[in-house]
Amino acid sequence: MRTIAFAGVLLLTVGGTACSSPQDTARRELGRTLEERAQAREEAEKHVRSGLRARDDGRNERASEWFRSAVESDDRLGEAWLALGVTEMELERLPEAAAALEAASALMPGNPEPAYNLGVIYERLLLYPAAIEAYERALALSDNDLHTMENLARAYIRHGSQPERALELVLASLERERRENWTVWLELQAELLRGRVDEGGARAGR
19 MRTIAFAGVL
29 LLTVGGTACS
39 SPQDTARREL
49 GRTLEERAQA
59 REEAEKHVRS
69 GLRARDDGRN
79 ERASEWFRSA
89 VESDDRLGEA
99 WLALGVTEME
109 LERLPEAAAA
119 LEAASALMPG
129 NPEPAYNLGV
139 IYERLLLYPA
149 AIEAYERALA
159 LSDNDLHTME
169 NLARAYIRHG
179 SQPERALELV
189 LASLERERRE
199 NWTVWLELQA
209 ELLRGRVDEG
219 GARAGR
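So for the sequence shown, the working numbering puts the first residue at 19; every next one is plus one.
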């Protein structure tokens, strides 16, 4: 190894070539990593677009394959996990759908859609505590979306828990609901829930 003084700076050379500093090496490695991540993200987004086109054409199995390719390319792309979860749900593969939607929810904490769809899945699987938790999370993110309120009320009613909360949701939904079938159901549930709430209050007062 030779040491050469040049313009007041010492350069270490091996075979006449200057050695890279650890900082230079780290910068190059970081540049390569960022470039690889950008390429992976671009590839994943292409797969998502292909999957969405396939799903629009009614080819859900092919769409699922595209979305799986997307998450393999970039497992940090929340939109890919969400699309995969919704497609798996449409294909009636509910455990796979739930796993994908849980991943989407973790990557998209401000988006209510993964939590809402998780609520739908858990309700269909009769896992009411999990459905309630998911719907409550979606409701907090969705500015009191009507469909989320109604589904959450239904989950509480089916689970037989917290009639006061269920009644609150039913009454809030009634103020906004215009569909006749839902209005009839909500009115019936409001009457039944008032009875449960009153009965519970009477027992507590004894």
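For every residue, glycine included, the Cβ atom is placed at its ideal position computed from N, Cα and C.
Q: Would you verify that the beta carbon of Ala-148 is, or is not, closer than 9 Å to some beta carbon of chain B?
A: Of the chains in the structure shown, none is chain B; there is only one protein chain.
Q) When the distance is taken between beta carbons, is Pro-130 closer than 9 Å to Ala-156? A) Reading the sequence shown from its first residue, position 138 is the one you call residue 156. Reading the sequence shown from its first residue, position 112 is the one you call residue 130. Their beta carbons are under 9 Å apart, which means Ala-156 touches Pro-130 by this criterion.
Q: Classify Gln-57 as buried or exposed, calling it buried when 16 or more other Cβ atoms lie within 10 Å of its own Cβ.
A: The residue you call residue 57 lines up with position 39 of the sequence shown. When all chains shown are included, Gln-57 counts as exposed.
(Q) So within the stretch 47-91, which uninterrupted alpha helix (DSSP H) runs reach at least 4 residues, ignoring any that extend past its ends? (A) For the stretch 47-91, the full-length alpha helix (DSSP H) segments reaching 4 residues or more read 78-91 along the chain.
Q: Would you kindly check if the distance between the Cβ of Arg-94 and the Cβ of Leu-125 is under 9 Å?
A: The count along the sequence shown starts at 1 and reaches residue 125 at position 107. The count along the sequence shown starts at 1 and reaches residue 94 at position 76. In contact: Leu-125 and Arg-94 (Cβ atoms closer than 9 Å).
Q. Is it right to say Pro-127 is buried, meaning 16 or more other beta carbons lie within 10 angstroms of its own, or is it exposed?
A. Locating residue 127 in the sequence shown gives position 109, counting from the first residue. Exposed: under 16 other Cβ atoms inside 10 Å.
**Q.** Run of the alpha helix (DSSP H) containing Arg-172, from where it starts to where it stops
**A.** Along the sequence shown, read from residue 1 onward, the residue named residue 172 stands at position 154. Taken as a continuous stretch (DSSP letters only), the alpha helix (DSSP H) holding Arg-172 covers 164-177.
Q. Mind checking whether Ser-191 and Leu-164 have CB atoms under 9 Å apart?
A. Taking the first residue of the sequence shown as 1, we reach residue 191 at position 173. Taking the first residue of the sequence shown as 1, we reach residue 164 at position 146. Closer than 9 Å, so yes.
Q) For the alpha helix (DSSP H) that Leu-143 lies in, which residues bound it at each end? A) The residue given as residue 143 occupies position 125 in the sequence shown. That residue, Leu-143, is in no alpha helix (DSSP H); it is neither H nor E in DSSP.
(Q) If I follow the unbroken alpha helix (DSSP H) through Leu-102, where does it start and stop? (A) For the purposes of this step, residue 102 is taken as the residue at position 84 of the sequence shown. Counting along the chain, the alpha helix (DSSP H) containing Leu-102 begins and ends at 96-108.
Q | Backbone CA spacing between Ile-150 and Ala-62 [nearest angstrom] | A | Here the question's residue 150 lines up with position 132 in the sequence shown. Here the question's residue 62 lines up with position 44 in the sequence shown. Computed Cα separation, rounded: 32 Å.
Q) Do you know whose CA, among Val-215, Leu-189 and Ala-101, lies nearest Trp-203's CA? A) The residue you call residue 203 lines up with position 185 of the sequence shown. It is Leu-189 whose Cα lies nearest to the Cα of Trp-203.
Q) Of all the options Ala-173, Glu-205 and Leu-185, which has the alpha carbon lying nearest to the alpha carbon of Arg-142? A) Residue 142 sits at position 124 when you count from the first residue of the sequence shown. Per the Cα distances, Ala-173.
Q. What did DSSP end up calling Arg-111 once you bin it into helix, strand or coil?
A. Residue mapping note: residue 111 aligns to position 93 of the sequence shown, counting from 1. DSSP places Arg-111 in coil when its eight states are reduced to three.
Q. If we ignore side chains and look at the alpha-carbon of each, how far apart do Ala-152 and Glu-106 end up?
A. Mapped onto the sequence shown, residue 152 falls at position 134. Mapped onto the sequence shown, residue 106 falls at position 88. Taking the straight line joining both Cα atoms gives about 18 Å.
Q) Quick one: Cα of Arg-214 to Cα of Glu-83, how far? A) In the sequence shown, residue 214 corresponds to position 196, counting from 1. In the sequence shown, residue 83 corresponds to position 65, counting from 1. Their Cα atoms are separated by approximately 48 Å.
Q | Expected contact under 8 Å - CB spacing of Ala-101 and Leu-70 to nearest Å | A | On the sequence shown, position 83 is the one that residue 101 refers to. On the sequence shown, position 52 is the one that residue 70 refers to. Contact flag correct, Cβ pair sits at about 7 Å.
**Q.** Arg-212 and Leu-170 closer than 9 Å at C-beta
**A.** As a first step, residue 212 must be located in the sequence shown, where it is residue number 194. As a first step, residue 170 must be located in the sequence shown, where it is residue number 152. Leu-170 is positioned such that its CB atom lies no closer than 9 Å to that of Arg-212.
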